[in-house]
Every structure is written in C-alpha cells, then in structure tokens.
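Heads up, the thing below is written out as structure tokens.
Number of protein chains: 4
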Amino acid sequence: MPGTPRKRDVHGTREKLVRAALDLFTTQGYHETTTPQIARRAGIAEGTIYRHFSSKEQLLNEIYRAATRLFIQSIKDTSSTLPCRERLERIAKSWREIAHHSPNAARLVFQSPIKPLLDPKSRETETELKAEIERIVAAGKASGQVRIGSAETWAAVWLRVIALMLERTADKAWPPDQPASQNAIEAAWFAIAANQTSPSAAPTTPPPP
Amino acid sequence: MPGTPRKRDVHGTREKLVRAALDLFTTQGYHETTTPQIARRAGIAEGTIYRHFSSKEQLLNEIYRAATRLFIQSIKDTSSTLPCRERLERIAKSWREIAHHSPNAARLVFQSPIKPLLDPKSRETETELKAEIERIVAAGKASGQVRIGSAETWAAVWLRVIALMLERTADKAWPPDQPASQNAIEAAWFAIAANQTSPSAAPTTPPPP
Amino acid sequence: MPGTPRKRDVHGTREKLVRAALDLFTTQGYHETTTPQIARRAGIAEGTIYRHFSSKEQLLNEIYRAATRLFIQSIKDTSSTLPCRERLERIAKSWREIAHHSPNAARLVFQSPIKPLLDPKSRETETELKAEIERIVAAGKASGQVRIGSAETWAAVWLRVIALMLERTADKAWPPDQPASQNAIEAAWFAIAANQTSPSAAPTTPPPP
Amino acid sequence: MPGTPRKRDVHGTREKLVRAALDLFTTQGYHETTTPQIARRAGIAEGTIYRHFSSKEQLLNEIYRAATRLFIQSIKDTSSTLPCRERLERIAKSWREIAHHSPNAARLVFQSPIKPLLDPKSRETETELKAEIERIVAAGKASGQVRIGSAETWAAVWLRVIALMLERTADKAWPPDQPASQNAIEAAWFAIAANQTSPSAAPTTPPPP
DNA sequence: TATGAATGAGTTTTCATTCAT
DNA sequence: TATGAATGAAAACTCATTCAT
Chain A
12 MPGTPRKRDV HGTREKLVRA ALDLFTTQGY HETTTPQIAR RAGIAEGTIY
62 RHFSSKEQLL NEIYRAATRL FIQSIKDTSS TLPCRERLER IAKSWREIAH
112 HSPNAARLVF QSPIKPLLDP KSRETETELK AEIERIVAAG KASGQVRIGS
162 AETWAAVWLR VIALMLERTA DKAWPPDQPA SQNAIEAAWF AIAANQTSPS
212 AAPTTPPPP
Chain B
12 MPGTPRKRDV HGTREKLVRA ALDLFTTQGY HETTTPQIAR RAGIAEGTIY
62 RHFSSKEQLL NEIYRAATRL FIQSIKDTSS TLPCRERLER IAKSWREIAH
112 HSPNAARLVF QSPIKPLLDP KSRETETELK AEIERIVAAG KASGQVRIGS
162 AETWAAVWLR VIALMLERTA DKAWPPDQPA SQNAIEAAWF AIAANQTSPS
212 AAPTTPPPP
Chain C
12 MPGTPRKRDV HGTREKLVRA ALDLFTTQGY HETTTPQIAR RAGIAEGTIY
62 RHFSSKEQLL NEIYRAATRL FIQSIKDTSS TLPCRERLER IAKSWREIAH
112 HSPNAARLVF QSPIKPLLDP KSRETETELK AEIERIVAAG KASGQVRIGS
162 AETWAAVWLR VIALMLERTA DKAWPPDQPA SQNAIEAAWF AIAANQTSPS
212 AAPTTPPPP
Chain D
12 MPGTPRKRDV HGTREKLVRA ALDLFTTQGY HETTTPQIAR RAGIAEGTIY
62 RHFSSKEQLL NEIYRAATRL FIQSIKDTSS TLPCRERLER IAKSWREIAH
112 HSPNAARLVF QSPIKPLLDP KSRETETELK AEIERIVAAG KASGQVRIGS
162 AETWAAVWLR VIALMLERTA DKAWPPDQPA SQNAIEAAWF AIAANQTSPS
212 AAPTTPPPP
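Chains as they are written, first to last, in my numbering: chain A, 12 to 220; chain B, 12 to 220; chain C, 12 to 220; chain D, 12 to 220.
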C-alpha cells in the first residue's frame, strides 16, 4: 500500500497488524473478528494494537481507506486521453489485477458489509472513488459515448457490474483474461453505452401499426 | 393517543416485532441492533422476543425469508409467455413497487450485508430467487435475445443493476416511473442483451488502419 | 400419598402436578426443571401451577414433605414392641417397598441434592424422620443391642447405609429380596450393633506379644 | 496439589478464584452461587473468571477434580502392605485430616449435590476414587477379612459411613480423634467386616423353640 | 378454576480497551 | 514500544411469575 509510514515502524508491526486485520475482516466479517484473533494472527500482543490504532473501528477505517486509495490510484494511472470506453476498460482490468493478487483488498472495498462502520473520512474516500469514475463517465457522455441520463447513475451502474466481476475474481471463480471476466467488463459498458439499437423500442407501449 | 393498550396485545405482537426488527436491521445493521432496541421499538418486553423467535439470528432469518418470498412471488405473478426483455421489465417494475412501499424489505434482500448470518434455509430461498431469474435469462439466451455467455453470469449482472435501482427507490432517491429508474431498468437489459452493435469492436486489439 | 385434599380437586389437577414435578425434579434436578416442563408433563397450563402452589419452591417443599411423611408413616406402622434389630429391619424392608414402586419419592427424600432449597417446615419434617429412627436406636442402646456412642450418630450411620440400599432399589439395580439388598440391610445393623467380636482389637495399637 | 503454574499467576488470581468458588459452591450450592458473587468474594472483576475458566461449569469441574485428587492421593500414600482394616482406617484418618483443614474440599467431594453437573472427566476421577477403595476391599475379601458380597457394594457402604464422618468433621461438629469420629470409622469397618457373630441369626425367620 | 402470552429482573458470557510492568 | 492480565460495560438469552380473559 502506498507510503503510510507515519512513524518508523522498525519491526513492521503495523504492517503485520494491517495484513492480519484485512484477512480476518474480509473472511470472517468485522464483528466476528476479535482483537485477540487479530493480535494472534499478527504475532503480537493484544495491547500492541492500541499503540498503532486508537480502536478496532479506526483500524478498519484505516485499512478501508488504504485499500480504496489503491483502486483510486489505479484510475489515476490510466491515461486520461483515452476514449471513455477504453479508459474504463483499462481501469477495470487493472482493478482485476488488484483483485487477483489482493483479493481481500477488493472485498473490503467492493463487497464488504461494513458501510455502517465507516467514519466520515472513509466515506469521503469512498466518494472520491465514485467521483473519479463519474468524471470519466461524464466525459463519455459529453462526447456522446454514454447514453443520456445522469452521469452519477451510469457511474453507479458501471461500478455495480464491475464489482461483481471483482468479487468473482477475488474468489478465484473467474480467472482473469477468461471470457466470463471479459464479458462482464463488456456488459458494464453496454449497460451505459449510447448507440444502442434499442431493439424492441418501448416495451410497455408497443409501436402502433 | 388515548388509552394505553400496552398489555394484552394477543394478536399483533409478532407482527410488531417483525416490523421493528426489519426497520432496525436495515437502518442500523444487524450487529448494531440490540435486543433491547428491538423490544423498545416494538413496544414489548425484551423477553417477549424469545416467545416468538428462538434467537436474534432466527428472527433475522425469518424476516429475510419472508421478504425474499415477496420478491419470488412477484416473479411467479408475471406471465411466463412474455419475451425475455418484457418479462424482466415487468419483474423489475413490480419489484420497484415493493421497494416503494416496503423499502426495508427491499433493503434486506438486495443490499443488506447479512450474508454471513443466513442459515441454510435462507440461503436456499436466496438461491431460489436467483434461479428464477436465471431460468428467464436462459430462455432469453435460447431465443437469441440474450448475449452469449453463462446464463448465471447474466442473471447476476442483471440483478446487480436492478438492485441499484431498488436501493435508490427504497431510499426515495428515485421516484418510480421517473427517467432515472426507467433508465436503470433499460441499462440492466442492455448489459445482457444480444444484438449489441458492439461499436469499437475488440477493445484490447484496436482495429488496424 | 396420604389424605392431602385441601380443597376439592375435582380434576385431579393438583395430583397430576405433584406427580409431574416429582418425576422431573428427581430425574433432571430442581434447577434443570422449568415450570413450562412441569405444566406440559402434567397436561395443564403454566399459570395453573400457581393456583395450587405459590411458587416452584413451595411445590418442591410440598412434595418433599409428602414423600418424607410416607417414610415416617412406614416407621409408625411397624410394631414398637419388636427388638431393635428386627424393628429396623422391618422398617428398611417397608422402605424398600416404597423405593420399589415409588422410586422418585425415595430419591427425593434420600438422595436428592435439594437441601439448600428446603424451607424450615420441610427441615422439621426431615428432622422428624431422623428422630423416629434415633428413638428406636436409643431404645436399642438402652437394651444393650446397640453399641455405645451417641444414638444420634448410630441413627445417622444406619440411615446412610439404608439410603444406599434405597437408591439402588429405586434405580432397579438391586431387586428387593435379593442378596445385595439383604446384605446392605445387615451391614447397616452390623455398623451399629453391640457384641462385635471386635476382631483385631485396637487397630492403631496392635497387641504386644 | 502438584505444581500447576501454567502461566505466571502473578497476583494469584486463579488461586483466589478457586477458593472463592469452592467456598460459595459448598455453602450455598452451585446454582445459588452467581458469577458476580464469586468475583466479588475473590476480589476480582467478573470478566476475569473467564480468563481462567471457560465457564462457570468448567470452574466447578476443575475444583471438583482437584479436590477429589487430594483424596485419591491420600489413598496412594498409605502403605499397601497393611491389612485391609488397618489400611482403610489409615485412609479414613488422613481423609479426616483433609476434612479438618479443607472442609470445603471434603464437602465438594463427599456431600455435594453436584452430580448432574459433572463432566465425563470428573466422573472418571470420581470413579477412580471409588475404584481405589474397591480394590482394597476386594483384597480384604480375598483374605477373608471382608464379608461375602460384592466388593463394589462393601466399598460403597464403607464410603457412605466415612462420608458422614467427613461431613461432621468438616462442619466442626466432630473434632478429630474424638470418640464420635473414631466410632464412625469403626462402624464403617463393622458394616463390612467378616467374622460377625451374627447374633440373632435369620431375622425374618426367628428360631423355632 | 384455568389459561398462556407477556413480563423483566437476573443470568452467564463476551470482548474492546486499559495499564502496571 | 511492547506486553497480557485484568477490567467492566453491555450483550443475548432464561424463566418463574403475573394477569386479562
């Protein structure tokens, strides 16, 4: 995770702690994970947790933000000159990379049931991630690649479908670069893309003869 | 209110209990909700919970299954002779109805982070819901309306997008029959529909000049 | 049990209640038995218990006293003109009869771990039982049949050994009139009888040559 | 007790806990004793109980086994070359010592109404105690010192009478080395000893003239 | 007299957090 | 900085007892 050395962590205690907590929170759930468990897995004493984090909840939030920043960084690393579709696809694929080698980070950000435990700062980071996608989608809309409708909506839709792909990737159910994964990325795009032939036009009001 | 009918509420205790628990579980989360809170909101004594449900967890599961069955019934109530797209649209709209007047039921089924707490019976009910959609999608695939790819995948994709629409409806962020909601239903379909013009063909391999 | 009709108990509800409680208290223990269990086994409603007994504890005490009186009556029914040994033997045998057909009554009086729950009245009844035996033992002592030492002690000793016999009889481990049972009754007597040859005289100070 | 310093118990917390629980269980009974009471008497916090024992029941069992082992050890410490009567007498006397200075240990093992709460391991320990006595009695039978009849029966009879003596000793009702105590030990032996003159031969069938 | 749903005080147990070492 | 025993507030759950019917 990107530079987080608040203080010199000679023994990597904080690092071990973060890894242990991330593993346990995403496998067992936050409430099902106890601080003794975290300490045991990190190979440290229970009290030591509180030298690095003020509470279990803060530990969760810290991890959440670190993981989310990972995905945000990924967005920033893709060329902003690409057309909307390509850019989103690049992002999806680099996220898939992350989900592949850090499945728990992906789970924490995209699937974990921890919403009620996030503090304002974490929610802000979460919003930042969404905003980045939204900006890209808005640009796509401006250039006619994305369907009419709120950019916020299309960003949310795209994220939902991509979240599914990431979960399956994290679960090793879909190996990267396999059709299923590829299909899902395409599906996410088709969900929001313009130029739909819109086959059977208005379903509720069939065209009169 | 006149009178104080605190006691002797022979019929309706369970009902009040279910409503209180549903409200609290979906607003605060399961773990954040305590049995005293449930009892207080239901206007009953804490011990009374256990005359109706053997545990807090069983209460959750009972509510979950009741809510899920609501959505399953909705599927069964739509004509099975309709083409895939129309059928899915009908389902989405009737689900939206439910989400509109029973927002918490929708939250419990589609957004709630309670997966690890569901018992086998509940998981079966959950599977049933997914299977119903999957069957419809499979039929759509057979008739060429749905894109190639696993029906399970497309059902999951469709459900994710619809879940977003239901959450927003439950949150009163999207009034039913307004463009946003309508757009999301269409997006869910376009994500899985065949006959995509597939504009910029293969994204990884851009067309050579 | 001997005439206990405080009020006309037309449906034998009290009777059923007593039997159910006796069964459950002696098989499962007092604390392990719940009032719903008692009611269910008696075939009555939970609240009905409190029409006949003011509390679960009073129910226990009432049963305890009824059972103890059964054994006391047995003593009074044996001829007081018999020699000590014969009288005790007759008592032991009639008690064995009771233990055989009312095992739970025997368990309640002789083996059950309910001491801390008995009220003063019950303790009095318990004392009465012991006093009856003590009187007989005292008479035996007076006529030289029982060894020197406190009559209270010898009564207690005799009761302990007989209690063992009654427990085994109640458990159907020792059928009545079989050697084991007979041996135990004799052992109870030998424990307290005078005229022991006192074989190896003083155990701590072996006789010098 | 054998050196049991599993972990450094700097403050003797476990020790205090055991003593408090032993006191309360034997004076009030297991069910009548609450965990707050135990903690208060031990001068510790309630939660601390569970750092040393996984449950109230386990605490009871641990104490029970420790106490029972005390008495078993006492048996093993007596010379096995002694004649049966002398050996049993030595055991009784050393047990009396224990009952004198650790009255609650004696109560827990010999009088306590906790049978239904003992776990298999504890029952095994209980059986071990009985088996030790049974072995000695069986040896006595083999050498003609103990009456005919099952060794198991005679061991049980002897134990019952000795239990009475131990209870009275624990209650400080019988000071050790006083006649009452001595008499009871003798009574226990006479109950099972051979060579009884068996005065009035067959009690049920009095000798015809 | 009988009922049984409702009660609520009381129980055991958990676990994030503290603090003397 | 690290430790881990001790803490105590709060959790889920039990069950003898009450009372409107």
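Cβ atoms here follow ideal geometry from the backbone N, Cα and C, with glycine treated the same way.
| Nearest residue (CA-CA) to serine 90 of chain A, options A:Ile147, A:Glu197 and A:Leu28 | Answer by Cα proximity: A:Ile147.
| task | Quick one: which residues of the segment 167 to 196 of chain C get their C-beta closer than 8 Å to a C-beta of chain D? List them in chain order. | result | Taking 8 Å as the upper bound on Cβ-Cβ separation, chain D lies near residues Ala167, Val168, Arg171, Val172, Ala174, Leu175, Pro190, Ala191, Asn194 and Ala195 of the segment 167 to 196 of chain C.
| query | Along chain D, which residues have their Cβ under 7 Å away from the Cβ of histidine 42 of chain C? | reply | Under the 7 Å cutoff, chain D gives His42.
| said: Is the beta carbon of arginine 76 of chain C closer than 8 Å to that of threonine 24 of chain C? | reply: Taking 8 Å as the cut-off, the Cβ atoms of threonine 24 of chain C and arginine 76 of chain C do not count as close.
| Which residue from B:Ala181, B:Ile109, B:Leu93 and B:Trp165 puts its Cα closest to that of alanine 205 of chain B? | Of B:Ala181, B:Ile109, B:Leu93 and B:Trp165, the residue nearest in Cα terms is B:Trp165.
| request: Report the option in C:Glu108, C:Ala116 and C:Leu93 whose CA atom is closest to the CA atom of proline 186 of chain C. | output: Answer by Cα proximity: C:Glu108.
| said: Using the Cβ count rule (16 or more neighbours within 10 Å means buried), how would you classify arginine 179 of chain C? | reply: Counting Cβ neighbours within 10 Å, arginine 179 of chain C comes out buried, since at least 16 surround it.
| query | Mind checking whether serine 4 of chain D and asparagine 72 of chain D have CB atoms under 8 Å apart? | reply | Here chain D comprises residues numbered 12 to 220, so residue 4 of chain D is not present and cannot be evaluated.
| Amino acids of chain C, ordered along the chain, whose beta-carbon sits closer than 7 Å to that of glutamine 39 of chain D | Under the 7 Å cutoff, chain C gives Pro127.
| Top-ranked residue by Cα proximity to arginine 158 of chain A, from A:Ala110, A:Cys95, A:Arg101 and A:Ser123 | Here the closest residue by C-alpha is A:Cys95.
| query | For isoleucine 83 of chain C, which of C:Gly58, C:Glu139 and C:Phe201 has the nearest alpha-carbon? | reply | That would be C:Glu139, whose Cα lies nearest to the Cα of isoleucine 83 of chain C.
| said: Just to confirm, is the Cβ distance from alanine 162 of chain B to methionine 176 of chain B under 8 Å? | reply: In this structure, methionine 176 of chain B does not lie closer than 8 Å to alanine 162 of chain B by Cβ.
| task | Kindly list the residues whose CB is nearer than 6 Å to the CB of proline 220 of chain A, restricted to its own chain and excluding five residues on each side of it in sequence; keep chain order. | result | Because the pLDDT of proline 220 of chain A is 36, which lies under 50, any placement of that residue in the model is unreliable, and the question is left without a value.
| Residue range of the alpha helix (DSSP H) that glutamate 163 of chain D falls in? | Annotation: the continuous alpha helix (DSSP H) that includes glutamate 163 of chain D extends over 162 to 181.
| Pairwise C-alpha distance: valine 120 of chain A and leucine 70 of chain A | Rounded to whole angstroms, leucine 70 of chain A to valine 120 of chain A spans 15 Å at the Cα level.
| Of all Cβ atoms in chain B, is any one closer than 8 Å to the Cβ of glycine 151 of chain A? | So, not an interface residue.
| Residues of chain D with CB under 7 Å from alanine 116 of chain C, in chain order? | In chain order: nothing, as chain D lies at least about 18 Å away.
| query | Using the beta-carbon count (16 or more within 10 Å), is threonine 38 of chain C buried or exposed? | reply | Threonine 38 of chain C is classed as exposed because its beta carbon has fewer than 16 other beta carbons within 10 Å across all chains shown.
| task | Tell me, please, whether the CB atom of serine 66 of chain D is closer than 8 Å to any CB atom in chain C? | result | Among the CB atoms of chain C, none fall inside 8 Å of the CB of serine 66 of chain D.
| task | Could you tell me whether any non-hydrogen atom of the ligand SAM is closer than 7 Å to the CB of leucine 128 of chain D? | result | Judged by which ligands are present, the structure shown has none, so any question about the ligand SAM falls away.
| Among residues of its own chain, excluding the 5 on either side of isoleucine 173 of chain A, which ones have a beta-carbon nearer than 6 Å to its beta-carbon? | Its chain contains Ala103 and Ala199 as the residues whose beta carbon lies nearer than 6 Å to that of isoleucine 173 of chain A, once the 5 sequence neighbours on both sides are disregarded; these appear in chain order.
| field | Closer than 9 Å at the beta carbon, the chain D residues around serine 161 of chain C | value | Neighbours of serine 161 of chain C in chain D, taken as residues whose beta carbon is under 9 Å from its own, are Pro190, Ala191 and Asn194 in chain order.
| chain A within 8 Å of proline 124 of chain B, Cβ atoms only | For proline 124 of chain B, the nearest CB of chain A lies under 8 Å from its own CB, placing it at the interface with that chain.
| query | Are isoleucine 4 of chain A and leucine 33 of chain A touching if we call contact CB-CB under 8 Å? | reply | Outside the displayed span of chain A (12 to 220) sits residue 4 of chain A, for which this structure offers no information.
| chain A partners of alanine 198 of chain B, CB-CB under 7 Å? | Those are Val168, Ala202 and Ile203, listed as they occur along chain A.
| What does threonine 79 of chain D reach in chain C if we use C-beta pairs closer than 8 Å? | The premise fails here: threonine 79 of chain D is roughly 17 Å from chain C at the closest Cβ pair, so nothing lies under 8 Å.
| query | From lysine 152 of chain A to leucine 99 of chain B, what does the alpha carbon distance come to, in whole angstroms? | reply | Whole-angstrom Cα-Cα distance: 27 Å.
| query | Grouping DSSP H, G and I as helix and E and B as strand, with all else coil, what is alanine 204 of chain A? | reply | Three-state result, alanine 204 of chain A: strand.
| task | Using the DSSP secondary-structure output, state which residues sit across from valine 148 of chain A in a beta bridge. | result | None; valine 148 of chain A has no bridge partner.
| task | Thinking proline 127 of chain B and lysine 126 of chain A are a contact (beta carbons under 8 Å), I'd like their distance in whole angstroms, please. | result | Contact check for proline 127 of chain B and lysine 126 of chain A: beta-carbon distance about 15 Å, past the 8 Å limit, so the pair fails to qualify.
| query | With a cut-off of 8 Å, does the C-beta of threonine 138 of chain B fall near any C-beta of chain A? | reply | No, threonine 138 of chain B lies away from the interface with chain A (no Cβ there is under 8 Å from its Cβ).
| query | Nearest chain A C-beta to threonine 164 of chain B closer than 8 Å, yes or no? | reply | Closer than 8 Å: yes.
| So which of C:Leu93, C:Ile86, C:Lys87 and C:Leu28 has the shortest CA-CA distance to arginine 62 of chain C? | Comparing alpha-carbon positions, the option among C:Leu93, C:Ile86, C:Lys87 and C:Leu28 lying closest to arginine 62 of chain C turns out to be C:Leu28.
| Cα-Cα separation, phenylalanine 36 of chain C to glutamate 57 of chain B | When rounded, the distance between both Cα atoms is 29 Å.
| How many Å lie between tryptophan 169 of chain D and alanine 78 of chain C at the Cα? | Going by the C-alpha atoms only, they are around 27 Å apart.
| field | Proximity of lysine 67 of chain A and threonine 46 of chain A at Cβ, strictly below 8 Å | value | Contact flag set, yes.
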